[in-house]
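There are 2 protein chains.
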Amino acid sequence: LKTSFETISVIGSGSWGTALAHVLAGAGHRPILWGRDVAVSESIASAHENSKYLPGLKLHPSVTASNDLVAALEKSQCIVCSIPTQQIRSVFGPFAPLLKNKIIVNSSKGIEIGAHLRVSEVFAQIAPTAEYLVLSGPSFAEEVVKGLPAALTLAGPSTETAKRVQNTFSSAVFRLYTSSDVVGVEIAGALKNVVAIASGMVSGLKLGHNAQAAVITRGLAEIARLGKCLGAQPLTFLGLAGMGDLVLTCTGPLSRNRRLGEALGLGKSLSTVQKELGGVAEGYFTAKAASSWAQSLGVEMPILREVYGILYEGTSARDAVSSLMRRNLKEEIE
Amino acid sequence: LKTSFETISVIGSGSWGTALAHVLAGAGHRPILWGRDVAVSESIASAHENSKYLPGLKLHPSVTASNDLVAALEKSQCIVCSIPTQQIRSVFGPFAPLLKNKIIVNSSKGIEIGAHLRVSEVFAQIAPTAEYLVLSGPSFAEEVVKGLPAALTLAGPSTETAKRVQNTFSSAVFRLYTSSDVVGVEIAGALKNVVAIASGMVSGLKLGHNAQAAVITRGLAEIARLGKCLGAQPLTFLGLAGMGDLVLTCTGPLSRNRRLGEALGLGKSLSTVQKELGGVAEGYFTAKAASSWAQSLGVEMPILREVYGILYEGTSARDAVSSLMRRNLKEEIE
Numbered sequence: 117l118k119t120s121f122e123t124i125s126v127i128g129s130g131s132w133g134t135a136l137a138h139v140l141a142g143a144g145h146r147p148i149l150w151g152r153d154v155a156v157s158e159s160i161a162s163a164h165e166n167s168k169y170l171p172g173l174k175l176h177p178s179v180t181a182s183n184d185l186v187a188a189l190e191k192s193q194c195i196v197c198s199i200p201t202q203q204i205r206s207v208f209g210p211f212a213p214l215l216k217n218k219i220i221v222n223s224s225k226g227i228e229i230g231a232h233l234r235v236s237e238v239f240a241q242i243a244p245t246a247e248y249l250v251l252s253g254p255s256f257a258e259e260v261v262k263g264l265p266a267a268l269t270l271a272g273p274s275t276e277t278a279k280r281v282q283n284t285f286s287s288a289v290f291r292l293y294t295s296s297d298v299v300g301v302e303i304a305g306a307l308k309n310v311v312a313i314a315s316g317m318v319s320g321l322k323l324g325h326n327a328q329a330a331v332i333t334r335g336l337a338e339i340a341r342l343g344k345c346l347g348a349q350p351l352t353f354l355g356l357a358g359m360g361d362l363v364l365t366c367t368g369p370l371s372r373n374r375r376l377g378e379a380l381g382l383g384k385s386l387s388t389v390q391k392e393l394g395g396v397a398e399g400y401f402t403a404k405a406a407s408s409w410a411q412s413l414g415v416e417m418p419i420l421r422e423v424y425g426i427l428y429e430g431t432s433a434r435d436a437v438s439s440l441m442r443r444n445l446k447e448e449i450e
Numbered sequence: 117l118k119t120s121f122e123t124i125s126v127i128g129s130g131s132w133g134t135a136l137a138h139v140l141a142g143a144g145h146r147p148i149l150w151g152r153d154v155a156v157s158e159s160i161a162s163a164h165e166n167s168k169y170l171p172g173l174k175l176h177p178s179v180t181a182s183n184d185l186v187a188a189l190e191k192s193q194c195i196v197c198s199i200p201t202q203q204i205r206s207v208f209g210p211f212a213p214l215l216k217n218k219i220i221v222n223s224s225k226g227i228e229i230g231a232h233l234r235v236s237e238v239f240a241q242i243a244p245t246a247e248y249l250v251l252s253g254p255s256f257a258e259e260v261v262k263g264l265p266a267a268l269t270l271a272g273p274s275t276e277t278a279k280r281v282q283n284t285f286s287s288a289v290f291r292l293y294t295s296s297d298v299v300g301v302e303i304a305g306a307l308k309n310v311v312a313i314a315s316g317m318v319s320g321l322k323l324g325h326n327a328q329a330a331v332i333t334r335g336l337a338e339i340a341r342l343g344k345c346l347g348a349q350p351l352t353f354l355g356l357a358g359m360g361d362l363v364l365t366c367t368g369p370l371s372r373n374r375r376l377g378e379a380l381g382l383g384k385s386l387s388t389v390q391k392e393l394g395g396v397a398e399g400y401f402t403a404k405a406a407s408s409w410a411q412s413l414g415v416e417m418p419i420l421r422e423v424y425g426i427l428y429e430g431t432s433a434r435d436a437v438s439s440l441m442r443r444n445l446k447e448e449i450e
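Chains as they are written, first to last, in our numbering: chain A, 117 to 450; chain Y, 117 to 450.
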């Protein structure tokens with residue numbers, strides 16, 4: 117196994133990018149954390165703290181903040197991507213030559229709006245010579261920076277590279293499991309937000325714990341069904357990037373997607389909810405992309421279909437649940 | 117498909133047996149609910165209420181309570197088992213001839229202490245000519261009796277019988293999915309209690325949401341690994357009897373097993389905790405049975421091993437978590 121990377125750059129100084137830089141520093145590296153926000157970089161440089169996204173939490177002193185994207189991309193062979201999925205193309209695109217033969221560890225979830233591309237597909241277009249891996253799993257940034265334990269899935273096509281990156285990140289509190297299933301990890305990370313909306317609706321409708329567990333489980337089952345048609349391994353969905361992340365999203369502190377679902381379950385209109393949330397939750401877009409996949413592949417996804425109906429066709433949450441319960445009786449694994 | 121059963125008897129008038137009788141009545145049947153407790157039967161007959169286990173909740177008037185086990189077993193072709201697993205042999209054994217060629221729908225979870233038998237194996241000894249199915253999934257009895265929706269897995273070797281029982285129980289709020297994986301459903305139902313203890317420890321140690329999601333996910337992964345060696349289908353663990361029930365157990369109202377784990381995580385001694393709980397949680401026994409299986413089959417189950425160490429060998433919860441995090445780095449699916 118090759119030794120670790122000389123320098124690693126984390127692109128994106130939001131809460132999760134910052135947490136990953138902190139993890140890398142704790143594992144003995146001196147990561148560069150790039151962000152556009154000068155105030156964030158200055159707070160990291162002067163006080164070892166991301167005052168905007170992780171206020172009050174001390175970062176490892178070996179984290180170096182930077183606002184120079186070219187330098188950050190030039191200096192490192194391993195580039196961690198941690199910016200919003202819809203910005204990946206515009207941030208990395210202009211500097212594509214700097215990604216030549218690099219190792220990209222993507223930690224951003226979601227699907228690019230428009231052509232409905234997974235992040236690996238976006239990078240395959242921008243940087244076809246780079247080696248792409250995806251890191252995903254149950255991980256609130258705050259807990260990671262506090263030094264609480266976490267375990268995630270790291271997927272990439274080359275076992276050797278995956279092991280190298282696994283060793284680079286791992287510590288006594290941050291544990292990575294390798295996988296070769298990039299598609300499965302990406303689909304799980306993106307589509308969990310649709311299930312989070314459905315889970316929120318069940319809360320809003322006050323349908324109880326049994327219904328909550330059922331919608332989470334059957335939601336993941338249909339994501340696995342879609343994933344299989346897209347080339348994923350079904351057992352990936354039983355893993356940290358699948359079940360693990362979904363359980364965290366649906367039972368941990370309220371996410372934007374669950375809040376959206378809950379408000380719809382309480383009978384509020386979509387426009388009212390979006391005003392309250394101050395914008396659109398990511399699951400709103402993912403539901404559209406996934407519906408188009410499901411339709412073109414002929415995959416039955418009843419929970420997705422009902423969430424789509426509520427978001428785009430004005431179905432009421434109560435009617436949606438009722439039609440889910442009244443479907444023809446099925447086998448569990450189809 | 118055959119029409120439904122003329123009479124169905126539910127053996128066991130605890131909260132779950134009562135809820136199942138209520139479900140059957142709601143689906144148009146006139147179930148006999150057998151229990152030893154005369155006060156319970158009388159409260160059902162006089163007030164349509166199980167005053168002991170589900171006080172304050174109205175049961176469907178078509179539920180008939182009985183204290184006559186022979187009559188209950190004689191009258192029905194379909195027998196629902198809902199008594200504690202350790203009592204199955206002593207309750208049914210003396211009346212084994214009455215189970216000849218019957219259909220048994222078992223809803224009790226756990227492993228028989230001693231020979232470490234699954235419930236299907238116990239019934240195979242008592243009633244070898246009966247057709248055995250197992251019903252399992254996320255289901256608090258109270259919510260079911262309140263009419264809130266629930267979805268469960270029903271597993272049995274014959275598709276025809278499974279569909280018949282599925283149709284018998286199903287309604288607009290109670291939805292069964294069929295499966296042929298009896299072993300997987302039984303293993304999932306029994307071993308979830310070990311993961312519930314581990315999940316409670318993580319709470320007691322205040323390790324956060326990430327660690328909670330990780331222990332639940334990796335716990336289920338190792339149960340699936342054991343299950344596979346015992347003949348189960350790995351994808352069963354992604355289903356309602358696997359992930360669904362585990363999520364409910366680990367995130368719903370505190371169960372005895374989670375309380376046990378939490379108290380151990382807080383540093384209390386096992387004997388203190390057992391005094392507080394007023395008895396032993398089921399996961400305590402299951403951990404022993406599962407450890408012996410894992411050892412004889414050579415299956416690596418690190419979370420089980422640590423739970424066993426805490427329960428039987430005096431390991432501290434903190435040391436257990438620490439050794440889980442310091443294991444060799446792994447692939448996610450082995």
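Using N, Cα and C, we set each Cβ at its ideal position, and we do this for glycine too.
I want to see whether chain A comes within less than 7 Å of residue i, judged by CB atoms only; does it?
i	result
Y/V250	no
Y/G360	yes
Y/V363	yes
Y/L117	With a pLDDT of only 46 at Y/L117, under 50, the local geometry of the prediction cannot be trusted, and the value read off the model is given with reservation. No, Y/L117 lies away from the interface with chain A (no Cβ there is under 7 Å from its Cβ).
Y/T134	no
In the structure shown, what three-state DSSP assignment does residue i receive?
i	result
Y/T352	helix
A/A267	strand
A/R442	coil
Y/T333	helix
A/S408	helix
Y/T431	coil
A/V99	Only positions 117 to 450 of chain A appear in the structure, and residue 99 of chain A is not among them; the question remains open.
Y/Y424	helix
Y/L249	strand
Y/T123	coil
Y/N183	coil
Y/L189	helix
A/N283	helix
Y/L376	helix
A/V196	strand
List, in chain order, every chain A residue whose beta-carbon is nearer than 7 Å to that of residue i.
i	result
Y/R291	M441
Y/S286	L445
Y/T367	T367
Is there a Cβ of chain B sitting closer than 7 Å to that of residue i, yes or no?
i	result
A/G343	Checking the listed chains, one finds no chain B in this structure; the protein chains it contains are A and Y.
Strictly below 7 Å CB to CB, what residues from chain Y border residue i?
i	result
A/P350	L351
A/N222	None at all; the shortest Cβ gap to chain Y is about 17 Å.
A/A340	L354
The ligand ZN and residue i: does any heavy atom of the ligand fall closer than 6 Å to the residue's C-beta?
i	result
Y/I199	Among the components of this structure there are no ligands whatsoever, and the ligand ZN is therefore not found.
In chain Y, which residues lie with their C-beta within 9 Å of the C-beta of residue i?
i	result
A/F256	G324, H325, N326
A/V437	P265
Less than 7 Å between CB atoms is the rule here; does residue i satisfy it with respect to chain Y?
i	result
A/E259	yes
A/V281	no
A/I449	yes
A/G355	yes
A/L264	yes
A/A143	no
A/T277	no
A/T269	yes
Sufficient close CB pairs (3 or more, under 8 Å) joining the region 390-405 of chain A to the region 275-286 of chain A: no
Proximal residues, the region 324-337 of chain A versus chain Y, C-beta separation under 9 Å: G324, H325, N326, A327, Q328, A329, A330, V331, I332, T333, R334, L336, A337
The region 298-315 of chain A in contact with the region 336-346 of chain Y per 3-pair CB rule at 8 Å: no
Residues of the region 293-319 of chain Y with Cβ closer than 7 Å to any Cβ of chain A, in chain order: In summary, the residues of the region 293-319 of chain Y whose CB is separated from some CB of chain A by less than 7 Å are Y293, T294, S295, in the order they occur in the chain.
Under 9 Å (Cβ pairs) to chain A, residues found in the region 392-426 of chain Y: Interface annotation for the region 392-426 of chain Y against chain A: empty, criterion Cβ-Cβ distance under 9 Å.
The region 243-263 of chain Y in contact with the region 421-435 of chain Y per 3-pair CB rule at 8 Å: Judged by pairs of C-beta atoms under 8 Å, the region 243-263 of chain Y does not touch the region 421-435 of chain Y, as fewer than three such pairs exist.
Within 7 Å of chain A by C-beta, residues of the region 151-184 of chain Y in sequence order: Those would be none; no residue qualifies.
At least 3 beta-carbon pairs within less than 8 Å: the region 120-128 of chain Y vs the region 362-382 of chain A: no
The region 210-219 of chain A contacting the region 164-175 of chain A, beta-carbon criterion three pairs below 8 Å: no
Cβ contact (3+ pairs, closer than 8 Å) linking the region 221-240 of chain A and the region 150-165 of chain A: no
Three-pair Cβ contact test at 8 Å for the region 351-366 of chain Y versus the region 311-319 of chain A: no
Any 3 or more C-beta pairs closer than 8 Å across the region 391-410 of chain Y and the region 363-373 of chain Y: yes
At least three beta-carbon pairs within less than 8 Å, the region 227-235 of chain A to the region 140-154 of chain A: no
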